[in-house]
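Student: Let me begin by handing over the structure; questions about it come next.
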Ligand code: HEC
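Residue numbers (our numbering): 671 to 982.
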């Protein structure tokens, strides 16, 4: 097999292995980016919750809110005809859930929610991934849990109950009236300090990297890869194949000039591989040289014999 062909196959193997390595590197970067994106979302949700928690609850003035913890009515003015103003209070988890609902109906591809193994609001029930995350985090005290579920990259970060949370999530006997009134006393209670309260769960639509490959590799990238292949083959031709062939011809011509072989050089080079052909040529040159030396010795001997004969 000619050297160029051997190199061609070698390069194909090298390129194939490199492509595999790059694929794994790209996959890791992809995962890392998704995770960083999810962590940012979690940090924002936590920051928003902390902002609400700063004032205990937030109070909003709205006409027909369905989502609130308690409702207070005030009169705007003293007159008999003064309009009633209604305020609704929202605690951090409720405000975060409303934030999640708004994002859910927005154009943002990344969604999030808060859920628990023991939810206060039945709408917050965990899905398959979230159930697995809650169980794994509870069992292994993990700081996060990731996975791919129904075409999305999923990320879960645990939230733990502090003494502050137990005002509402601890014993129902101590729970605020308004919480019990709106959510009942069945679910979302009975936690202790340090218990896993739930998770902030993030979902980012994604698909396997190889299905998205056309986004990363185009004609330019394939062109560059092919040109490395062509460049290597050109180098092999000029730096190896051609000089070896020249050496081969030189050796063949030299052996022909001894008269031991009588075919032209081209026809006695039998191997397609340049190095093997050169080895054969050098072998023939060796034989031809041996033959030439032997012939020279014979002539010398004959000359000597004739000399001694004519001396006698
Ligand atoms: C003022 C009462 C109150 C306090 C204090 C409170 N929560 Fe909640 N929590 C709620 C209510 C009400 C909901 C349901 C919100 C909704 O409708 O989605 C809720 C929901 C949640 C959820 C979502 C799952 C579910 O049960 O529906 C998590 C997780 C959660 N709370 C954790 C916490 C943590 C952690 C703290 C302390 C940092 C805390 N809560 C403090 C009232 C409270």
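Quick reminder that beta carbons are idealized off the backbone N, C-alpha and C, glycines included.
1. Measure the alpha-carbon distance for residue 808 versus residue 896 and round it to whole angstroms.
2. Which residues are close to ligand 1, meaning CB closer than 5 Å to any heavy atom, in chain order?
3. Is it the case that the Cβ atoms of residue 816 and residue 863 are separated by a distance below 8 Å?
4. As a quick exercise: from 948, 965, 709, pick the residue whose alpha carbon is nearest that of residue 826.
5. Just to confirm my understanding: we take residue 768, look at its own chain, exclude 5 residues before and 5 after, and list those with CB closer than 8 Å. What are they?
6. Quick check: what's the CA-CA separation for residue 937 versus residue 923?
7. Going by the CB atoms, is the gap between residue 944 and residue 977 shorter than 8 Å?
8. Within 10 angstroms of its Cβ, does residue 675 collect 16 or more other Cβ (buried), or is it exposed?
9. Give me the Cβ distance between residue 711 and residue 780, rounded to the nearest whole Å; I'm assuming they're in contact under 8 Å.
10. Give the C-beta separation of residue 681 and residue 902 to the nearest angstrom, bearing in mind that I take them to be a contact with Cβ-Cβ under 8 Å.
11. Count the other C-beta atoms from every protein chain shown that fall within 10 angstroms of the C-beta of residue 823, then say buried if there are 16 or more, exposed otherwise.
12. Three-state secondary structure (DSSP) at residue 818?
13. Output needed for residue 753: all residues of its chain with C-beta closer than 6 Å, excluding positions within five of it in sequence on either side, in chain order.
14. Per DSSP, what are the beta-bridge partners of residue 866 in this structure?
Tutor: Looking at the coordinates:
1. 51 Å
2. 761, 763, 764, 767, 784, 786, 789, 790, 791, 794, 829, 835, 837, 838, 858, 867, 868
3. no
4. 709
5. Excluding residues within five positions, the ones whose Cβ falls inside 8 Å are 737, 760.
6. Model confidence at residue 937 stands at a pLDDT of 48, short of 50, so the residue's coordinates are unreliable and nothing is read from them.
7. no
8. exposed
9. 6 Å
10. In this structure residue 681 touches residue 902 by the C-beta definition: roughly 6 Å separates them, less than 8 Å.
11. buried
12. strand
13. 746
14. According to DSSP, which records beta bridges pairwise, residue 866 is partnered with 830.
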